[in-house]
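Undergrad:
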Ligand code: CDP
Ligand code: CDP
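Residue numbers (UniProt numbering): 1 to 229.
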């Protein structure tokens with residue numbers, strides 16, 4: 001069957017990576033979590049005390065950053081490696097979440113990440129999730145999905161994930177972080193989070209994982225049909 005590019009953009013913690021992984025598994029496509037790249041860059045900046053408000057400092061630091069997605073046979077997805085170190089767990093921590101949207105708003109950071117993301121799509125057969133994938137990275141993607149879910153549901157979902165690793169985390173902390181990131185992501189100057197004109201909206205507030213997969217698989221089949229002539 002003809003391979004296509006599927007983009008999934010949307011707000012924080014609405015289930016983008018869950019749908020993306022479901023699709024990649026079902027279709028035998030590559031799944032790329034573009035947010036992991038911004039998180040890894042943020043981790044490097046924090047660890048090395050890089051001032052991301054200084055363009056020369058950012059340009060110099062980016063020269064020392066090597067990002068790689070390494071398949072993990074245990075999880076069936078890929079782990080983010082930063083300069084040959086597996087940082088998959090570190091990049092999900094609150095310290096990174098608190099700063100990632102500031103770092104991701106920096107022009108040079110976006111150019112660095114987007115250039116690598118574009119290359120990953122040359123052979124198609126890819127599902128990539130993020131904030132600007134349908135608008136900037138793959139504006140000609142065959143299927144674009146824009147995801148959303150109620151903020152209270154998104155907060156509960158992310159809280160559950162983080163609490164399992166850190167019982168000191170509070171609901172308020174998670175809510176504030178999601179709201180702040182959504183605000184910065186949607187209002188930044190470069191590639192703000194917005195729905196591509198040709199994206200289909202998926203509100204999964206009240207959908208089970210099975211329901212959402214069935215719905216999205218229908219869109220995939222339609223997109224493949226529409227682009228196979
Ligand atoms: O998983 P979650 O929705 O919490 O976020 P993520 O996908 O890991 O992305 C973390 C942050 O990276 C976002 O809040 C954005 O600031 C940034 N990001 C971006 O600017 N562009 C992308 N394509 C992906 C993520
Ligand atoms: O990638 P993004 O930040 O948009 O969200 P995610 O990491 O895929 O999903 C956040 C959490 O919501 C995960 O723990 C999922 O298991 C959960 N989820 C859910 O409970 N119901 C859905 N329909 C989709 C996701």
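Beta carbons are placed, not taken as given, at the ideal position from N, Cα and C, and that holds for glycine.
Give a yes or no on whether the C-beta atoms belonging to residue 11 and residue 198 are separated by under 8 Å.
TA: Here residue 11 refers to the residue found at position 11 when the chain shown is read from its first residue. Here residue 198 refers to the residue found at position 198 when the chain shown is read from its first residue. Their beta carbons are not under 8 Å apart, which means residue 11 does not touch residue 198 by this criterion.
Undergrad: Grab me the residues of residue 195's own chain with a C-beta within less than 6 Å of its C-beta, minus the 5 sequence neighbours each way, in chain order.
TA: As a first step, residue 195 must be located in the chain shown, where it is residue number 195. For residue 195, where only same-chain residues beyond five positions count, the Cβ hits under 6 Å are 146.
Undergrad: Report yes or no: do the stretch 58-72 and the stretch 26-43 share at least 3 C-beta pairs separated by less than 8 Å?
TA: The stretch 58-72 is in contact with the stretch 26-43.
Undergrad: Just checking my contact of residue 14 with residue 154 at CB under 8 Å: how many whole Å lie between their CB atoms?
TA: Within the chain shown, residue 14 is the residue found at index 14, counting from 1. Within the chain shown, residue 154 is the residue found at index 154, counting from 1. So it is a contact: roughly 5 Å between Cβ atoms.
Undergrad: Determine the DSSP secondary structure at residue 127, reduced to helix, strand or coil.
TA: On the chain shown, residue 127 is found 127 positions in, with the first residue counted as 1. Reduced to three states, the DSSP call for residue 127 is strand.
Undergrad: Any heavy atom of ligand 1 closer than 7 Å to the beta-carbon of residue 132?
TA: By one-based count along the chain shown, residue 132 stands at place 132. Checking the Cβ of residue 132 against ligand 1 gives yes.
Undergrad: Using CA coordinates, which residue listed in 215, 103, 90 and 62 is at the minimum distance from residue 22?
TA: Within the chain shown, numbered from 1, the residue matching residue 22 stands at position 22. Selected option, being the one with the closest Cα: 215.
Undergrad: How far does the alpha helix (DSSP H) with residue 215 in it extend, from its first residue to its last?
TA: If you number the chain shown from 1, residue 215 lands on position 215. Element bounds for residue 215: 209-226.
Undergrad: Which value, in whole angstroms, describes the spacing of the CA atoms of residue 32 and residue 95?
TA: Stepping through the chain shown from its first residue, residue 32 is reached at position 32. Stepping through the chain shown from its first residue, residue 95 is reached at position 95. So the two alpha carbons sit approximately 23 Å from each other.
Undergrad: Excluding the 5 residues flanking residue 237 on each side, which residues of the same chain have their C-beta closer than 7 Å to its C-beta?
TA: Residue numbering for the chain in the displayed model covers 1 to 229; residue 237 lies beyond these limits and cannot be assessed.
Undergrad: Is it buried or exposed, residue 26, if we count other Cβ atoms within 10 angstroms and call 16 or more buried?
TA: Here residue 26 refers to the residue found at position 26 of the chain shown. Exposed.
Undergrad: Pick helix, strand or coil for residue 67, following the three-state DSSP scheme.
TA: Within the chain shown, numbered from 1, the residue matching residue 67 stands at position 67. Note: residue 67 maps to strand in three-state DSSP.
Undergrad: Candidates 6, 105 and 149: which alpha carbon is nearest residue 121's?
TA: Here the question's residue 121 lines up with position 121 in the chain shown. Checked all of 6, 105 and 149; the closest Cα to residue 121 is 6.
Undergrad: Tell me whether the stretch 97-113 and the stretch 43-59 touch, counting them as touching only if at least three CB pairs, one residue from each stretch, are closer than 8 Å.
TA: Flag = yes, the stretch 97-113 and the stretch 43-59 touch.
Undergrad: Does the Cβ of residue 76 have 16 or more other Cβ atoms within 10 Å, making it buried, or fewer, making it exposed?
TA: Here residue 76 refers to the residue found at position 76 of the chain shown. By the neighbour-count rule (16 or more Cβ atoms within 10 Å), residue 76 is not buried but exposed.
Undergrad: Using DSSP with H/G/I as helix, E/B as strand and the rest coil, what is residue 102?
TA: In the chain shown, the residue the question calls residue 102 occupies position 102. Reduced to three states, the DSSP call for residue 102 is helix.
Undergrad: Please determine, among 184, 74 and 43, the residue with the shortest C-alpha to C-alpha distance to residue 85.
TA: Translated into positions along the chain shown, residue 85 becomes position 85. The candidate whose alpha carbon is nearest that of residue 85 is 43.
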